[in-house]
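Below: the structure, in structure tokens.
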Amino acid sequence: MERLRGGLRKTSSSIATVFTGTRIDEALYEELEEALLMADTGVKATQYLLADLKRRVKDSRTTDPAAVKGLLVDALTDLLRPLEKSLVIGEFTPTVIMVAGVNGAGKTTSIGKLTRHLAQAGASVLLAAADTFRAAAREQLGVWADRNTVEIVSQEGGDPAAVSFDAVMAGRARGKDVVLVDTAGRLPTQLHLMEELRKIKRTIAKAGSSPGAAGIGQPPHEVLLVIDGNTGQNALAQVRAFDDALQLTGLVVTKLDGTAKGGVLAAIAQERPLPVYFIGVGEQLEDLETFKAREFALALLT
17 MERLRGGLRK TSSSIATVFT GTRIDEALYE ELEEALLMAD TGVKATQYLL ADLKRRVKDS
77 RTTDPAAVKG LLVDALTDLL RPLEKSLVIG EFTPTVIMVA GVNGAGKTTS IGKLTRHLAQ
137 AGASVLLAAA DTFRAAAREQ LGVWADRNTV EIVSQEGGDP AAVSFDAVMA GRARGKDVVL
197 VDTAGRLPTQ LHLMEELRKI KRTIAKAGSS PGAAGIGQPP HEVLLVIDGN TGQNALAQVR
257 AFDDALQLTG LVVTKLDGTA KGGVLAAIAQ ERPLPVYFIG VGEQLEDLET FKAREFALAL
317 LT
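Take 17 as the starting number for the sequence shown in our numbering and just add one per residue.
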């Protein structure tokens, strides 16, 4: 909680100043609107939160501006609550998780942290180095595999879809609980690369329908997008594009430990309420936390 508060302090301090006056009036709401927009909350979510807050103020007959902040925490918590969901492992063996994201979002690092999280929960993990597009990506994933002492499937210059297929088959043959597939970082505007992502997903699905694949279901069972918590409305644009292309099942939000504004989660909740399975609050292996709506609202606003 303290790490999260630290990461979001820039936003929380600017919002806190809104409630230092003595009156609840239109000027207060205008200041709050500006502060929320500056926190990357987006127009739709900001309008929604302000309308909800005004209703709560009226219903509770609050006259103290400081108390309004508590009502805003409640409003934001309720907006974010649909994003609060646990990643379920064990329904299929292996559970196949495909991970996407743009370059620089912290995708491969998040896979390393997620591997540790799963291993600590007792799951055996196999990594698939299907990011054959970026130089040294395979080596970077290999470092995370060594740190977490897990196996990795990779091919030098191999076809990403083929690597993914081999990894799913290997995971099944070796009785692994989870296969984590790292895909190449790309911008949603790179259409040929987005098509490659779709191909990886289709190929993983074929592995589930191959002979002897009973019990594996229809992989990938999870399609996660890693987004950088500092990129604001750009992150929402990424969620839209990747969800349209891949039908995402969840998000990992990274870098909430520095200059993050954080309000983008409200924008996502308003427009594409996908589960936020984890948030990254630091560089260490253990700095991957499960998302809790109320904790996040408190860190952002108080």
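Built from N, CA and C at the ideal position, the CB exists for glycine as well.
| Check | Outcome |
| --- | --- |
| Go to Leu53, then tell me how far its alpha helix (DSSP H) extends in each direction, as first and last residue. | 42-54 |
| Leu301 and Lys129: beta carbons closer than 8 Å? | yes |
| Taking Phe294 as the reference, which of Asp94, Arg190, Leu99, Arg72 has the closest Cα? | Leu99 |
| Going by DSSP, name the residue or residues bridged to Gly117. | Val242 |
| Can Ala139 and Asp193 be called in contact, C-beta distance under 8 Å? | yes |
| Ala370 lies in the alpha helix (DSSP H); which residues open and close that run? | Limits of the chain in this structure are 17 at one end and 318 at the other, which puts residue 370 out of reach. |
| Need the endpoints of the alpha helix (DSSP H) that Gln280 sits in, please. | The displayed chain sequence assigns Val, not Gln, to residue 280. 280-287 is the extent of the alpha helix (DSSP H) around Val280. |
| Between which two residues does the beta strand (DSSP E) containing Ile168 stretch? | 167-169 |
| Would you mind giving the Cβ-Cβ distance between Val255 and Leu241, rounded to the nearest angstrom? I have them listed as a contact below 8 Å. | 6 Å |
| Which two residues bound the contiguous alpha helix (DSSP H) that contains Ile216? | 207-224 |
| Within 10 angstroms of the Cβ of Arg214, are there 16 or more other Cβ atoms? Answer buried if so, exposed if not. | exposed |
| Under three-state DSSP, which class holds Arg187? | Rather than Arg, the amino acid found at residue 187 in this sequence is Gly. Gly187 falls in the helix class under three-state DSSP. |
| Applying the criterion that 16 or more other CB atoms from any shown protein chain within 10 Å of the CB defines a buried residue, is Ala82 buried or exposed? | exposed |
| Do Asn119 and Gly201 count as a contact pair if the criterion is CB distance below 8 Å? | yes |
| Near Ala186, what residues of its chain come up, given a Cβ to Cβ distance below 6 Å and the 5 sequence neighbours on each side ignored? | Val169 |
| Note the first and the last residue of the continuous alpha helix (DSSP H) segment covering Gly22. | 18-23 |
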